[in-house]
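First comes the structure, then the notes that go with it.
Numbering (full-length UniProt numbering), first residue to last: 1 to 47.
Printed below as a string of structure tokens:
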């Protein structure tokens, strides 16, 4: 999704790192929802 726009926001990278860390902690569901929510916001800003 990010490669199509050609823009990789620093915030999005942070979200991905948080998702990986929280998966190890067993909070994958919440982090995935937050990451998708962040993706939608970033796409709206740059589109």
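Backbone N, C-alpha and C define an ideal beta-carbon position, used for all residues, glycine too.
Roughly how many angstroms separate the alpha carbons of residue 32 and residue 46, rounded to a whole number? 21 Å
Burial state of residue 13, where buried means 16 or more other Cβ atoms lie within 10 Å: Around the beta-carbon of residue 13, fewer than 16 other beta-carbon atoms lie within 10 Å, marking it exposed.
Measure the alpha-carbon distance for residue 29 versus residue 35 and round it to whole angstroms. 10 Å
For residue 17 and residue 44, I'd like the C-alpha separation in whole angstroms. 22 Å
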